[in-house]
Amino acid sequence: MDWKSLTFSYTKTNTMLCTYFRNGAWTPVESRTDDTIALSAFAGALHYSIECFEGLKAFRGKDGKVRLFRPEENAMRLRRSAEFLGIEAPSVEMFVEMCKQVVKENLDFLPPYESRASLYLRPTLIGFNPQLGVASSSETMFMVLCSPVGAYTGGNLEPINCVIARNYDRAAPNGTGSHKVGGNYACSLRSLNIAHSQGYKAVLYLDPSTKKMIDEFNSSNFFAIKGNSYITPLSDTILPSITNKSLEDAASYLGMTVERRQIPVEELSTFEEVGECGTAVVITPVSHLDDKPTLESEEVTRYTYVEEGCGPKSQRLYDFITNIQYGEIEDPFGWTVEVEL
Ligand SMILES: Cc1ncc(COP(=O)(O)O)c(C=O)c1O
178 MDWKSLTFSY
188 TKTNTMLCTY
198 FRNGAWTPVE
208 SRTDDTIALS
218 AFAGALHYSI
228 ECFEGLKAFR
238 GKDGKVRLFR
248 PEENAMRLRR
258 SAEFLGIEAP
268 SVEMFVEMCK
278 QVVKENLDFL
288 PPYESRASLY
298 LRPTLIGFNP
308 QLGVASSSET
318 MFMVLCSPVG
328 AYTGGNLEPI
338 NCVIARNYDR
348 AAPNGTGSHK
358 VGGNYACSLR
368 SLNIAHSQGY
378 KAVLYLDPST
388 KKMIDEFNSS
398 NFFAIKGNSY
408 ITPLSDTILP
418 SITNKSLEDA
428 ASYLGMTVER
438 RQIPVEELST
448 FEEVGECGTA
458 VVITPVSHLD
468 DKPTLESEEV
478 TRYTYVEEGC
488 GPKSQRLYDF
498 ITNIQYGEIE
508 DPFGWTVEVE
518 L
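Everything in the sequence shown is counted per our numbering, starting at 178 for the first residue and increasing by one.
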């Protein structure tokens with residue numbers, strides 16, 4: 178494989194794992210070479226979006242070891258999403274074991290250390306039984322899928338342009354915004370498609386209640402740097418990002434002040450660096466952010482952060498976190514979980 182040219186797209190691997198929850202228990206985990214699944218056309222996942230998922234990565238380290246980054250956090254978040262949907266989810270132990278197993282079965286697709294690419298894991302939980310009425314599914318199917326990936330947009334640390342979607346929301350107040358359910362992504366598609374057609378790489382949403390505060394991007398959290406502070410939104414309509422949580426700890430560790438608070442839109446003009454953070458995007462710096470009365474409008478207020486490359490504090494955080502992931506430095510937090518080969 179040409180590891181260097183990998184982007185964030187699907188490559189078929191050796192196997193996927195799956196198990197079903199029925200009659201009060203999980204069936205033995207099956208490893209399948211076929212990446213298609215059979216399910217009733219009346220499965221709740223297809224009609225009522227009874228679906229939640231996770232995204233995490235396995236890294237091949239400088240020392241040859243294979244590490245997962247904070248898989249227990251993903252397991253707990255999946256359980257939280259499933260609880261919201263009212264469906265059965267795997268235990269943390271079962272989740273982590275299946276993640277390890279899928280990595281071991283797909284080592285041929287785990288990019289080498291030098292490539293700075295990784296194996297992305299996509300644990301997915303769906304409402305499986307046939308049903309007609311709206312109700313939480315009684316049977317679920319849990320799968321762990323994987324695909325080798327490179328940078329999400331362009332190259333690593335290549336800055337992207339973004340736009341605020343004032344007249345669209347990804348989540349409702351008191352809705353599903355803080356859960357990793359498929360429906361949230363369906364809701365973001367309209368605004369994302371418009372933004373893409375205008376040449377933007379990502380959309381930034383405001384809090385859906387007041388439209389005055391920064392929430393998050395379509396597939397990542399928002400952070401900003403001002404002086405020695407790492408600032409990130411406090412909101413109950415955003416996904417609690419594991420990367421963001423790690424960056425907050427990393428920032429403190431590196432002597433920065435961490436502010437998790439509401440961020441008014443007007444504050445955008447005061448930031449020195451702005452970026453996206455998440456498993457897929459890692460840290461992706463924002464070059465400029467356009468604010469328009471509506472996404473369709475020609476009128477633009479532009480906030481510019483970098484012309485090229487990445488701001489120094491974002492770069493330092495990026496280096497710190499990726500060095501832990503690739504086993505280049507000591508992991509002072511015990512974040513990584515080794516996959517014994
Ligand atoms: C909407 C949204 N916000 C934030 C994130 C980042 O979360 P994490 O760092 O746990 O990957 C993601 C990606 O998972 C996401 O889809």
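Backbone N, C-alpha and C fix where the C-beta goes; we use that ideal spot for every residue, glycine too.
Closer than 7 Å: residue i CB and nearest ligand 1 heavy atom
i	result
G352	no
S315	no
N405	no
E393	yes
N333	no
T456	yes
I303	no
S396	yes
S418	yes
N421	yes
G263	no
G232	yes
Nearest neighbour of residue i, chosen from the options [CA to CA]
i	options	result
Y362	N338, Q502 and D346	D346
V442	V516, A342 and P509	A342
I227	L302, D468, S292 and S186	L302
G486	F272, A401, E335 and T317	E335
K469	V380, L287, E436 and A220	V380
V269	E231, L518, A372 and G304	E231
A372	L216, C229 and N338	N338
R437	V451, F448, L431 and S412	S412
S182	L216, P288 and A222	P288
A312	F319, M318 and G304	G304
G360	S368, N370 and A348	A348
E316	G263, V273, V340 and M275	G263
D179	K234, D285, E475 and V273	D285
L233	M275, S217, Q492 and R199	M275
S217	T204, Q375, S314 and A235	S314
A202	M271, N191, N251 and V340	M271
I391	V340, Y430 and L369	V340
Neighbourhood of residue i by C-beta, 7 Å cutoff - its chain only, sequence neighbours within 5 removed
i	result
K189	D212
F219	P307, Q308 and L309
L494	L424, A427, A428 and I460
N344	T471 and L472
I498	S423, L424 and A427
G504	G238, K239, D240, K242 and R244
I501	D508, W512 and T513
P385	D346, A348, A349, P350 and T414
Residues near residue i by beta carbon distance below 8 Å, same chain, minus five either side
i	result
N398	T409, P410, I415, L416, S418, T420, N421, E453, C454 and G455
E389	Inspection of the sequence shows that residue 389 is occupied by Lys rather than by Glu. Excluding residues within five positions, the ones whose Cβ falls inside 8 Å are L383, P441 and V442.
E476	K469 and P470
Distance, residue j Cα to residue i Cα
i	j	result
F185	T434	32 Å
K378	T481	15 Å
N174	L445	Only positions 178 to 518 of the chain appear in the structure, and residue 174 is not among them; the question remains open.
P489	E291	23 Å
Y225	I402	40 Å
E207	C195	5 Å
A266	E484	45 Å
Y407	N333	21 Å
F400	T387	20 Å
R209	M318	14 Å
D496	M253	26 Å
N450	F198	Note on identity: in this sequence residue 450 is Glu, with Asn being the wrong assignment. Going by the C-alpha atoms only, they are around 46 Å apart.
D432	M320	Note on residue identity: the sequence assigns Gly, not Asp, to residue 432. Using only the alpha carbons, I get a separation of about 40 Å.
L518	V326	21 Å
N235	F448	Note on identity: in this sequence residue 235 is Ala, with Asn being the wrong assignment. Computed Cα separation, rounded: 33 Å.
Sequence-distant residues of the same chain with beta carbon closer than 6 Å to residue i, five excluded per side
i	result
L322	M193 and R299
S324	Y187, T188 and Y297
V458	Y329 and S397
F261	H356
R479	H465 and D467
N251	E231 and L233
F394	A379, L381 and E453
A222	E228, I303 and G304
C-beta neighbour in chain C for residue i, strict 8 Å
i	result
S412	No chain C appears in the structure shown, which is made up of a single protein chain.
Check your understanding: Do three or more CB pairs link the stretch 294 to 314 to the stretch 272 to 283 at distances below 8 Å?
Key -> Three or more pairs of CB atoms, one per stretch, sit closer than 8 Å, so the stretch 294 to 314 contacts the stretch 272 to 283.
Check your understanding: Looking at C-beta atoms only, is the number of pairs between the stretch 248 to 259 and the stretch 350 to 359 that lie closer than 8 Å three or more?
Key -> Yes, since at least three Cβ pairs between the stretch 248 to 259 and the stretch 350 to 359 fall closer than 8 Å, the two stretches touch.
Practice item. State whether the stretch 243 to 252 contacts the stretch 510 to 518, with contact taken as three or more CB pairs (one from each stretch) at a distance under 8 Å. Key: As far as the Cβ criterion goes, the stretch 243 to 252 touches the stretch 510 to 518, which means the pair count is three or higher.
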